[in-house]
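Asker: Let me begin by handing over the structure; questions about it come next.
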Amino acid sequence: MAYNRLATMVVCVIPLLIAIKPPAAVFWVVSFAMALTVFTFALPMLGIIAIRRATKEAALAQIIVVVLLIPAWVVFGLDKATGISALAIGMLAAPVVFFPVMLLTKPPASDPETDRLWEIYGEIREERRQAKLARKKG
Numbered sequence: 041m042a043y044n045r046l047a048t049m050v051v052c053v054i055p056l057l058i059a060i061k062p063p064a065a066v067f068w069v070v071s072f073a074m075a076l077t078v079f080t081f082a083l084p085m086l087g088i089i090a091i092r093r094a095t096k097e098a099a100l101a102q103i104i105v106v107v108l109l110i111p112a113w114v115v116f117g118l119d120k121a122t123g124i125s126a127l128a129i130g131m132l133a134a135p136v137v138f139f140p141v142m143l144l145t146k147p148p149a150s151d152p153e154t155d156r157l158w159e160i161y162g163e164i165r166e167e168r169r170q171a172k173l174a175r176k177k178g
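So for the sequence shown, the numbering used here puts the first residue at 41; every next one is plus one.
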């Protein structure tokens with residue numbers, strides 16, 4: 041029982057001490073965490089939502105490549121050698137991997153519910169386009 045309390049105290053005190061005067065490493069850890077979150081969750085989700093032909097294989101390929109590329113870019117010192125940050129490389133690599141894999145894999149099977157959502161989206165887009173044209177004319 042005493043060991044549990046001691047371990048809890050250590051786990052609470054160490055971050056508190058680091059927070060008092062955070063080292064530069066904390067900034068980089070947070071930066072990498074946010075970048076990897078964006079590249080591994082947000083961008084693939086946006087791709088799957090916004091592109092009808094997007095495939096899970098393309099999203100997975102992008103996630104794997106970016107998760108390996110960003111840390112490797114820093115570990116091998118390429119960010120300092122080239123002057124290009126690892127986050128910029130991740131931003132460039134994501135679509136470079138996503139789109140070719142998407143085009144090389146079989147499109148997802150048609151689903152009536154998904155097809156209906158795409159139809160609604162198309163209708164909304166057309167209504168907005170028509171409204172924009174009407175505003176320009178009148």
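Just so you know, even glycine gets a beta-carbon here, dropped at the ideal spot from N, CA and C.
At the level of alpha carbons, what is the spacing between R168 and D155?
Answerer: 20 Å
Asker: Quick check on D155: does DSSP put it in helix, strand or coil?
Answerer: helix
Asker: Pull up the distance between the alpha-carbon of I164 and that of A171, whole angstroms please.
Answerer: Between I164 and A171, the C-alpha separation is close to 11 Å.
Asker: May I have a chain-ordered list of the alpha helix (DSSP H) segments no shorter than 4 residues that lie completely inside the segment 112 to 167?
Answerer: 118 to 122 and 126 to 144
Asker: Rounded to whole angstroms, how far is the Cβ of A73 from the Cβ of V105, which I believe are closer than 8 Å?
Answerer: With 8 Å as the limit, A73 and V105 do not qualify as a contact, their Cβ atoms being about 18 Å apart.
Asker: Got a sec? Which residues, its chain only, sit under 7 Å from W113 by beta carbon, not counting five neighbours each side?
Answerer: D119, A126 and I129
Asker: Could you work out which residue in R93, A42 and A65 is closest to P140 when comparing CA atoms only?
Answerer: R93
Asker: State the start and end residues of the unbroken alpha helix (DSSP H) segment that holds F81.
Answerer: Per DSSP, F81 belongs to no alpha helix (DSSP H) and is neither H nor E.
Asker: Counting along the chain, where does the alpha helix (DSSP H) carrying R45 start and finish?
Answerer: A42 to I60
Asker: Going by DSSP, what residue range makes up the alpha helix (DSSP H) through T77?
Answerer: A64 to T77
Asker: Rounded to whole angstroms, what's the CA-CA distance from M85 to A99? Just pull it up for me.
Answerer: 8 Å
Asker: Whole angstroms is fine: what's the gap from M49's alpha carbon to A59's?
Answerer: 15 Å
Asker: Within 10 angstroms of the Cβ of T95, are there 16 or more other Cβ atoms? Answer buried if so, exposed if not.
Answerer: buried
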